[in-house]
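Take a look at the structure below.
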């Protein structure tokens, strides 16, 4: 209490959080400057940065006219570095050390608790720092001087031994063949200092333009240190209780766990593994095993594991391939990693491995050359993908390592259906990325897509087909008689209408079999690219039961309304993709599985208050017809309705518009003088799904 009385509050001020320079603001710590260099008026000759490594290199001029500058030493250093001749490759073209290079290093790995503060008119504006870099002098010019000295010595020695050149031309050499690299050796090589230095050197420098302290551009950028809006919507992070606010400013110190393993290693015992949460256990097992039947996974987790919980967790880290679970690509290749063989980023590796997994959903055999030709990856990466989930067979290719799990497919049809929808979405992405042809999408005819990969004779196939036709005919006949009886009992007037109902029969052509490839199923337009699941709402003679149409319309309208309230502008292609994801999350037998056509989906979009924006795309565009159809919610009931309508009118006249034109048009139509940040906010809120 005595200390509080001796330390009274002098002033209270408002604190604002500035977001304009979020993840862009760095703090440079310069060393103690020499007497011949002043940072206030210094001339920066060049600046460059490596963004991934957060490494900066600055080249600053030295005032050679300063009385504290030793001219003789400057001339000697330039002579040692460049020699007597001067050309474009010379470090010091003036034959005088007139510049100094500074290289950066990270001062702190965690800068989340640091911010730059600006005080103005009783307000304190804070901008979080993205990095703190310490600049130190670089002495690479000394290495260049040593190299010049060694070259001169080698030249002098070479002149004395010119008589022996003829004898030294023929030398005996020894040829050695390297052994195949093991997994342990590869991991040691990847973690070595030499490999990391090589990776860092491969990143290209990005040259920057330096603006002085008193430059007009610097004055303009300095204004971004102030919060652009003082409303509550811009500073929601500061609406906290005093204890929560103090915790945000000074979080408890936590020991960095960079040296600790993220997950248990291969030598972890099963007893230690079962102490972890169920999701972590499944992730570790799938990451190590890579391909596993569901029954084996349950056996490894122990008798107390709940099958429903295991199914829920395994779908987060694995995909279903031929009834077996295969670990997802992003689990094996996390973000910001790269291939140890070729150095390609993890995103490219995940696409290539997804293509291999998708091929195994179509066929039991995959050819390595075909995968390499489509993915354009190096042979070592493709071999790693195939070894994860298949076995090489001589003169045949790579066969999926596990047999088709028919028991799992029969017990869990809902999981199988949901996984099929996910694979359809993955296939659509792969078609865009790799420009897949029909020969890549269609399974090979010699390997039938069946649950039993056994050889079946032609006579057996014919008998099986006849039995299946008889069984289906009997079921259809029973359902038709049952519906006919119900119609007679419910409506006497229907007796005259029943004979008028007939089922059209068309001859089946033997010469043109129906194409059941996955590619055609995606583009048939009947059900938005999805196969209808058998359920309680099966159509009768092409029509839904009377009360089902209203329920389907209500469900579809609810989906469209909620989607356009989140994303105000959508193309038909993006809307169909979101609808497929929505169907994948629904339980089997839902009303929406009865069949939603593209026309029904577009009509519902227009019925919910949306409008089609006729954007004049160029004729030579490579976009699909569904990507050219743009729909927008005209009135959402928020503060941006007028701005959004003006933007839509602008883009209905031209598909590409400059930002200054948009800013002037918005200011003219809305009667507001909008700055750059406000225009960016309007564009982001209105077109977050397209731009």
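Residue numbers (this note's numbering): 657 to 1347.
All residues carry an ideal CB built from backbone N, CA and C; glycine is no exception.
Simplified DSSP assignment, three categories, for residue i
{"i": "residue 1035", "result": "helix"}
{"i": "residue 1069", "result": "helix"}
{"i": "residue 1235", "result": "helix"}
{"i": "residue 1154", "result": "Because residue 1154 carries a pLDDT of 39, less than 50, the predicted location of this residue cannot be relied on, and no value is offered for it."}
{"i": "residue 1079", "result": "helix"}
{"i": "residue 1046", "result": "strand"}
{"i": "residue 1269", "result": "strand"}
{"i": "residue 1142", "result": "helix"}
{"i": "residue 716", "result": "strand"}
{"i": "residue 849", "result": "helix"}
{"i": "residue 869", "result": "coil"}
{"i": "residue 685", "result": "strand"}
{"i": "residue 663", "result": "coil"}
{"i": "residue 863", "result": "strand"}
{"i": "residue 1219", "result": "helix"}
Sub-8 angstroms separation of residue i and residue j beta-carbons
{"i": "residue 1308", "j": "residue 1269", "result": "yes"}
{"i": "residue 942", "j": "residue 977", "result": "no"}
{"i": "residue 1042", "j": "residue 1008", "result": "no"}
{"i": "residue 950", "j": "residue 981", "result": "yes"}
{"i": "residue 671", "j": "residue 780", "result": "yes"}
{"i": "residue 851", "j": "residue 674", "result": "no"}
{"i": "residue 1213", "j": "residue 1256", "result": "no"}
{"i": "residue 798", "j": "residue 758", "result": "no"}
{"i": "residue 771", "j": "residue 753", "result": "no"}
{"i": "residue 1219", "j": "residue 1231", "result": "yes"}
{"i": "residue 1335", "j": "residue 1312", "result": "no"}
{"i": "residue 847", "j": "residue 762", "result": "no"}
{"i": "residue 957", "j": "residue 966", "result": "yes"}
{"i": "residue 1045", "j": "residue 973", "result": "no"}
{"i": "residue 1053", "j": "residue 1021", "result": "yes"}
{"i": "residue 1306", "j": "residue 1319", "result": "no"}
{"i": "residue 793", "j": "residue 898", "result": "no"}
{"i": "residue 1244", "j": "residue 1070", "result": "yes"}
Length of the line joining the Cα atoms of residue i and residue j
{"i": "residue 1287", "j": "residue 765", "result": "46 angstroms"}
{"i": "residue 796", "j": "residue 773", "result": "36 angstroms"}
{"i": "residue 1006", "j": "residue 989", "result": "7 angstroms"}
{"i": "residue 1039", "j": "residue 1078", "result": "25 angstroms"}
{"i": "residue 987", "j": "residue 901", "result": "36 angstroms"}
{"i": "residue 1296", "j": "residue 1222", "result": "13 angstroms"}
{"i": "residue 705", "j": "residue 684", "result": "13 angstroms"}
{"i": "residue 1037", "j": "residue 718", "result": "50 angstroms"}
{"i": "residue 859", "j": "residue 755", "result": "25 angstroms"}
{"i": "residue 1137", "j": "residue 1059", "result": "42 angstroms"}
{"i": "residue 953", "j": "residue 932", "result": "15 angstroms"}
{"i": "residue 1323", "j": "residue 712", "result": "40 angstroms"}
{"i": "residue 728", "j": "residue 788", "result": "37 angstroms"}
{"i": "residue 1051", "j": "residue 1023", "result": "10 angstroms"}
{"i": "residue 1124", "j": "residue 1249", "result": "25 angstroms"}
{"i": "residue 985", "j": "residue 1048", "result": "21 angstroms"}
{"i": "residue 1310", "j": "residue 1279", "result": "16 angstroms"}
{"i": "residue 676", "j": "residue 1291", "result": "29 angstroms"}
Residue i burial status per 10 Å Cβ neighbour count (16 or more: buried)
{"i": "residue 1210", "result": "exposed"}
{"i": "residue 1015", "result": "buried"}
{"i": "residue 1276", "result": "exposed"}
{"i": "residue 1088", "result": "exposed"}
{"i": "residue 861", "result": "exposed"}
{"i": "residue 969", "result": "buried"}
{"i": "residue 741", "result": "exposed"}
{"i": "residue 738", "result": "buried"}
{"i": "residue 1019", "result": "buried"}
{"i": "residue 1264", "result": "buried"}
{"i": "residue 1235", "result": "buried"}
{"i": "residue 1299", "result": "buried"}
{"i": "residue 1333", "result": "exposed"}
{"i": "residue 778", "result": "exposed"}
{"i": "residue 831", "result": "exposed"}
{"i": "residue 1074", "result": "buried"}
{"i": "residue 1285", "result": "buried"}
Check: residue i C-beta below 7 angstroms from any heavy atom of the ligand MG
{"i": "residue 845", "result": "By its list of ligands, the structure shown contains no ligand whatsoever, and the ligand MG lies outside what it can speak to."}
Below-8 angstroms beta-carbon distance, residue i vs any chain D residue
{"i": "residue 1230", "result": "Of the chains in the structure shown, none is chain D; there is only one protein chain."}
At 4 residues or longer, and completely inside the segment 937–1017: list those alpha helix (DSSP H) runs for me, N to C.
-> 950–957, 963–973, 985–988
Complete beta strand (DSSP E) runs within the segment 722–794 (minimum length 3 residues, chain order) = 755–762, 771–776, 779–784, 787–793
Continuous alpha helix (DSSP H) assignments of at least 4 residues falling wholly in the segment 1283–1315 = 1297–1307
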